[in-house]
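J.: Pasting in a structure now, in structure tokens, and then I'll have a few things to ask.
Here you go:
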């Protein structure tokens, strides 16, 4: 398997965690987003979406969208499971994941921040306020959902898809100096995850293309 | 089952389609987003996320996030299936769904547009350009993915989760007068879906709270 990705891309980071949790080896192919490598012909020939992560399977099949890739990995390599066995549990884990992947991250990724600055002429302060606003709102929802069913990780005592989404978002939040106070459950889950080698090894600073 | 939703919310529309495709009856509980009813205490007591759709099951359990709700419905009411039987097919359907639900819709929902206008002081034109930009970019990706594997619907000859996501997005795009030229496969899938009663009945103008 090849994972086209970027050390700082949090959607890439999600997939790296899942691969590590599953103990799956993969080739790390860096695509430098800040230099626009995702728009170069070689990468565009692989995926019309022009986004990382892009997973290329050994049979040449290519998968996009981090949550879809992780669910694929979970279905084809069931152990350890990244989704609970019960439908209600799966719904909760997917909802937690989507709080990050649909409510926070899409608003704060690189191409959106560039649009704010280049097209909407947002100042640096305005851009940072925007970033912090959506992080805060989303993580407050996450915190409230954790209160419903406390556990070591986001759902129970083993890491799930939700943790694969949460941890990269916290890294981003820290990089942008977001207020993470008042989120004790969320931060305890983050800390528990970062005790695990699978999360440590996947973090941006541990990537071959880290700067 | 109760579905707390709003006629114009495209994430709500996705779930209405899925319920109709499954032939499941539900109580329609309107939450008027434009009037801010999702921030009122009665609704906030039900869900910390403050978002529609919110699905309340007969046992009182509440589910959030449209894609998670639809996957739950598919797991608990398997026929007709809204996800393919094979892992690769499921990955493709989820990726298509996420092109809409993670790349387009989060940037264009009501609270984001309000932030652009109220906080970033974007003009009406700038707001509309933003809207159209993300719709166009996302739908071009969608179109390219459809070209890989042509079918009546987004994936094969029966409607899937991907169609539940695509159709509401096209409704929104039309409402904001977005350029939908050069998307023949996407629009043919949209037209095929709209031949079906399940999609017709779910559309905003058919909802009890339609204005």
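Residue numbers (the working numbering), protein chains in the order written: chain A, 7 to 217; chain B, 7 to 217. Cβ atoms here follow ideal geometry from the backbone N, Cα and C, with glycine treated the same way. Here the structure is a predicted model, which is why all the values come from computation and not from measurement.
Is the region 92-104 of chain B touching the region 32-50 of chain B in the sense that three or more CB pairs, one from each, lie closer than 8 angstroms?
T.: no
J.: Enumerate in chain order the residues of its own chain whose CB-to-CB distance from residue 207/B is below 8 angstroms, with the five nearest sequence positions on each side excluded.
T.: 22, 26
J.: Starting from the beta carbon of residue 232/A, find every residue of chain B whose beta carbon is closer than 9 angstroms, and list them in chain order.
T.: Chain A is shown from 7 up to 217; residue 232/A falls before or after that span and cannot be answered.
J.: Counting only Cβ-Cβ distances shorter than 9 angstroms, please list the residues of the region 77-102 of chain A near chain B, keeping chain order.
T.: 77, 78, 81, 82, 93, 94, 96, 97, 98, 99, 100, 101, 102
J.: Looking at residue 174/B: is its Cβ nearer than 7 angstroms to the Cβ of residue 20/B?
T.: yes
J.: Going straight from the alpha carbon of residue 7/B to that of residue 124/A, what length do you get?
T.: Spanning the two alpha carbons is a distance of roughly 46 angstroms.
J.: Which term fits residue 73/A, buried or exposed, when burial requires 16 or more other beta carbons within 10 angstroms of its beta carbon?
T.: buried
J.: Would the region 50-57 of chain A and the region 102-112 of chain A be scored as touching if the rule is three or more Cβ pairs under 8 angstroms?
T.: no
J.: Count the CB pairs spanning the region 151-162 of chain A and the region 188-195 of chain A that are closer than 8 angstroms, and state whether there are at least three.
T.: yes
J.: With 7 angstroms set as the bound, which would you pick, yes or no: does the beta-carbon of residue 147/B sit closer than that to a beta-carbon of chain A?
T.: yes
J.: Going by other Cβ atoms of all chains shown within 10 Å of its Cβ, with 16 needed for buried, is residue 61/A buried or exposed?
T.: buried
J.: Can the beta-carbon of residue 24/A be found closer than 7 angstroms to that of residue 126/B?
T.: no
J.: How far does the alpha helix (DSSP H) with residue 106/B in it extend, from its first residue to its last?
T.: Residue 106/B -> no alpha helix (DSSP H), and no H or E assigned at all.
J.: Considering residue 118/B, what are the terminal residues of the alpha helix (DSSP H) in which it resides?
T.: 116-124
J.: Sort out for me which residues DSSP pairs residue 68/B with in a bridge.
T.: As computed with DSSP, residue 68/B is found in a beta bridge with 62/B.
J.: Does the region 196-213 of chain B come into contact with the region 161-169 of chain B, if we say contact requires no fewer than three beta-carbon pairs (one atom in each stretch) closer than 8 angstroms?
T.: yes
J.: Under 8 angstroms, CB to CB, which of the residues in the region 117-138 of chain B have a partner in chain A?
T.: Answer set for the region 117-138 of chain B: 118, 121, 122, 125, 126, 128, 132, 135, 136.
J.: When you check each C-beta in the region 39-67 of chain B against every C-beta of chain A, which residues fall closer than 7 angstroms?
T.: Only 54, 55, 67 from the region 39-67 of chain B bring a Cβ to less than 7 angstroms from some Cβ of chain A.
J.: Which of helix, strand or coil does DSSP assign to residue 33/A?
T.: strand
J.: Give the DSSP bridge partners of residue 8/B, in chain order.
T.: 33/B, 62/B
J.: I want to verify the contact list: residues of chain B whose CB lies under 8 angstroms from the CB of residue 150/A, in sequence order.
T.: 54, 55
J.: Using beta-carbon positions only, say whether residue 45/B and residue 79/B come within less than 7 angstroms of one another.
T.: no
J.: If the criterion is Cβ atoms closer than 7 angstroms, does the pair residue 179/A and residue 118/A meet it?
T.: Taking a C-beta distance under 7 angstroms as the contact criterion, residue 179/A and residue 118/A do not qualify as a contact pair.
J.: Short of 8 angstroms in beta carbon distance, which residues of its chain neighbour residue 210/B, apart from the five on each side in sequence? Order them along the chain.
T.: 13, 14, 19, 177, 216
J.: Please give me, in chain order, every unbroken run of the alpha helix (DSSP H) with length at least 4 that falls completely inside the region 165-195 of chain B.
T.: Whole alpha helix (DSSP H) segments, 4+ residues: 167-181.
J.: Go ahead and label residue 48/B buried or exposed: buried means 16 or more other beta carbons lie within 10 angstroms of its beta carbon, across all protein chains shown.
T.: exposed
J.: What's the gap between the Cα of residue 182/A and the Cα of residue 159/A?
T.: 24 angstroms
J.: Tell me the rounded alpha-carbon separation between residue 68/B and residue 75/B.
T.: 10 angstroms
J.: Less than 8 angstroms between the CB atoms is what I'm expecting for residue 137/A and residue 114/A, so what's the real figure, rounded?
T.: 5 angstroms between Cβ atoms; contact.
J.: Thinking just about the alpha-carbon of each residue, which of 132/B, 120/B, 9/B is nearest to the one in residue 41/B?
T.: 120/B
J.: Using C-beta distances below 7 angstroms, list every residue in its chain close to residue 214/A, excluding the 5 sequence neighbours before and after it, in chain order.
T.: 34, 36
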